[in-house]
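Student:
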Amino acid sequence: MKSQHMFTALAAAMLSLGAYSTAANAADLANCTICHSNITKVHAGAAHKDVACTSCHTGLDEHLKKPSARPTVNMDPANCGACHQPQYTSLYKDEGRPARQSKKAAGGPAPDPFFDRALGAHGFTKEHDLPRAHTWMAIDQFIVDRAFGGRFEPKDGWLYTTLEGGKSYKVWDVLKDNYPDNNTQKAHKPGTAAAGNGVCWSCKSADLMLDWAYMGDKVEGATFNRGSNPVDVVRKVNHALNCNFCHDPHTAQPRIIRDALIDAVTRDNKDVPNVWKSVAAHPTKVDVKDFGMRGFTRKVGYLERPDANLMCAQCHVEYVCNPGFNGKTGEKVGFDNRWTNLFPFVNADQIEEYYDKVPFRDFKHNVTGASLIKMQHPDAETFFGSVHDKVGATCQTCHMPKVKDEKTGKMYTLHWATSPRHYMKETCLTCHKDKTEKQMNLAIDAMKGHFEGKVREAEARMNDMFDAFDLAIAAGVDQKTLDEARKLHASAHVNWEYWTAANGAYFHNPELATRSLAKSAKAASDAAALLRKAVAAKAQAKK
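Laid out in structure tokens, this is it:
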């Protein structure tokens, strides 16, 4: 509370001196400087030096009269788009992918039965959709069947899918709350689940960053925390992927704000070092600063140079954002534990070792009884150590190239974050100058085909393992043997799902993918062999 006391003391001194007698105006930072000198000092010499406080803050006159009356902060990306139009419109460009296209479809309209079998009744089997574009990331997450139980729906029904990209949509202009008079988080409709929680918002929006203490801890003064009612939380979220995720609005400096990432890159874990310290070929220095003007700790990580690898890693990683249990003790892990807002930040070679050291588990498989991790999308940590990482490429190199603005003729950084196939000349061919677009697409297709074959091979071995579990359980195989097989199942699972959860895995690090999927196939085969041997021995003993 030290910073809060300091703020109050300064405000009192200013009031006694009549310093608040002059209302704030667009050009004058004098009043703001007295309490916020740490910000106004760097602002004065930065790229945004001519951007006034009133450009993003309202209610300043009232704040000057009564310091405890917090000014309003404009989190709308359209505010940034007023000056940075090409970046803004490209950031929210649509991919053209249909809404609510199930990831379970495996390339076709029919659901893939293996997905449900492998996930063992986990909530993701309710509806696991492919991402469409950044502009839809909050809207789509709020209405997916596994998040809020059907509470939220588009105001225009399925016609919401006709909305076009190129702008940031306010969530509550598009969606409605079917149950506005209560905030009970439960499944309101058949076939849905209520798995959304208070941590989910932090990858979707920066709207609540001033109301959230570091790591989502429950502390005095912070409106929300990890255990907050998720309905109350998301009702306050209105914008997806704000520009201030990666750009400081006061200085325009490159930065990261996602607390779990800041925790991951700064932690000193000698047992299982994070990929940023142990694998990444060109790690950028991160200067972490505490901004606690509201009486509780908040941290921002300023980057030595613009580095999309870290900026994108705020969301495109494997993470835990939900309760579970301790895989060693069986004890429940609730939102009072920081494990429920966790970035392991390790790659597929390290993932099993990490979760042995931090024994968080998401769920038990409904057939085998194995304690399993529900993998998310480990994109950044997969890329680190790859061929492209070693030569100095970043996420921006392939997904956000420099392009020419057709209206002004000026070059700018495309913020579409799309597949490099849309911009082969500006991406692949900048390095592979002796190749053509057709040739590079052939290479990419070959990599994808080889990768998908390895995924299907692992799934075939896992299917055989599940069949063997069915036989072993029916035959009454002893618990010791089942436990050994469950450990192998856990290994097969994490080394399979890591790659079905990752985006573009076949390209980001095909060598790592091949190695890890081979582990999955072997572990599944070993489990099946162990169980079938035990079943045979039991049958032999009955003769």
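For the sequence shown, the residue numbers in the working numbering are 5 to 547. Built from N, CA and C at the ideal position, the CB exists for glycine as well. Small disclaimer: the values here were computed from a predicted structure and weren't measured.
When DSSP builds the beta bridges, which residues end up paired with residue 182?
Tutor: DSSP lists no partner for residue 182.
Student: Spatial neighbours of residue 468 within its chain, please: C-beta separation below 6 Å, excluding the five flanking residues on both sides.
Tutor: 532
Student: Relative to the C-alpha of residue 122, which candidate in 140, 463 and 357 has its C-alpha closest?
Tutor: 463
Student: Output the boundary residues of the alpha helix (DSSP H) element that contains residue 218.
Tutor: That residue, residue 218, is in no alpha helix (DSSP H); it is neither H nor E in DSSP.
Student: From residue 233 to residue 227, what distance separates their C-alpha atoms?
Tutor: 11 Å
Student: Does the beta-carbon distance from residue 262 to residue 339 come in below 8 Å?
Tutor: For residue 262 and residue 339, no; Cβs fall outside 8 Å.
Student: Using DSSP with H/G/I as helix, E/B as strand and the rest coil, what is residue 406?
Tutor: Under the three-state reduction of DSSP output, residue 406 falls in the strand class.
Student: My guess is that residue 503 and residue 509 are in contact by the Cβ rule of under 8 Å, so how many angstroms apart are they, rounded?
Tutor: 5 Å
Student: Buried or exposed: which applies to residue 571, given that a residue is buried once 16 or more other Cβ atoms fall within 10 Å of its Cβ?
Tutor: For residue 571 there is no data in the structure shown, the boundaries of the chain being 5 and 547.
Student: Can you list, in chain order, the residues of its chain whose CB lies under 8 Å from that of residue 335, leaving out five sequence neighbours each side?
Tutor: 329
Student: Using the C-alpha atoms, what's the distance from residue 192 back to residue 186?
Tutor: 12 Å
Student: Does DSSP put residue 265 in a helix, a strand or coil?
Tutor: helix
Student: Could you please give me the residues that DSSP links to residue 375 through a beta bridge?
Tutor: 368.
Student: Tell me whether the segment 271–284 and the segment 133–140 touch, counting them as touching only if at least three CB pairs, one residue from each stretch, are closer than 8 Å.
Tutor: no
Student: Would you mind sorting residue 31 into buried or exposed? The rule is 16 or more other CB atoms within 10 Å of its CB.
Tutor: Note that residue 31 has pLDDT 41, beneath the 50 cutoff, so the model's placement of it is unreliable and the number below is only indicative. Exposed is the call here.
Student: In terms of residue numbering, what span does the alpha helix (DSSP H) encompassing residue 307 cover?
Tutor: Taken as a continuous stretch (DSSP letters only), residue 307 belongs to no alpha helix (DSSP H), being part of the beta strand (DSSP E) at 303–307.
Student: Could you give the distance in angstroms between the alpha-carbon of residue 382 and the alpha-carbon of residue 511?
Tutor: 13 Å
Student: Under a three-way DSSP split, which group does residue 497 fall into?
Tutor: helix
Student: Using DSSP bridges, identify the partner residues of residue 224.
Tutor: Note: residue 224 is not bridge-paired with any residue in the DSSP secondary-structure output.
Student: How far does the beta strand (DSSP E) with residue 294 in it reach, from first residue to last?
Tutor: Its beta strand (DSSP E) spans residues 290–294.
Student: How close, in whole Å, do the beta carbons of residue 404 and residue 384 come, if the pair is a contact with beta carbons under 8 Å?
Tutor: The pair is not a contact, with the Cβ atoms about 14 Å apart (cut-off 8 Å).
Student: Looking only at DSSP bridge pairs, what is residue 156 linked to?
Tutor: 181
Student: Excluding the 5 residues flanking residue 363 on each side, which residues of the same chain have their C-beta closer than 7 Å to its C-beta?
Tutor: 330, 331 and 332
Student: Enumerated in chain order, which unbroken segments of the alpha helix (DSSP H) with a length of 4 residues or greater are wholly contained in the segment 80–127?
Tutor: 81–85, 89–95 and 117–123
Student: Considering only residues of the same chain and omitting the five flanking positions on each side of residue 29, which have a CB-CB separation below 6 Å?
Tutor: Note that residue 29 scores 48 on pLDDT, short of 50, meaning its location in the model is unreliable; the coordinates nonetheless yield the value given after this. Nothing meets the Cβ criterion.
Student: How is residue 427 classed by DSSP in three states: helix, strand or coil?
Tutor: helix
Student: So, at 8 Å on beta carbons, what are the nonlocal neighbours of residue 389 in its own chain, with the 5 sequence-adjacent residues on each side left out?
Tutor: 279, 283, 284, 285, 351, 513 and 516
Student: Under the assumption that residue 466 contacts residue 528 (Cβ atoms under 8 Å), give the Cβ distance between them as a whole number of angstroms.
Tutor: About 4 Å; that satisfies the 8 Å criterion.
Student: Any contact of the segment 84–92 with the segment 155–164, i.e. 3+ C-beta pairs under 8 Å?
Tutor: Remark: fewer than three beta-carbon pairs, one from each stretch, lie closer than 8 Å, so the segment 84–92 and the segment 155–164 are not flagged as touching.
Student: What residue from 257, 277, 164 and 146 has the CA that sits closest to residue 2's CA?
Tutor: Here the chain comprises residues numbered 5 to 547, so residue 2 is not present and cannot be evaluated.
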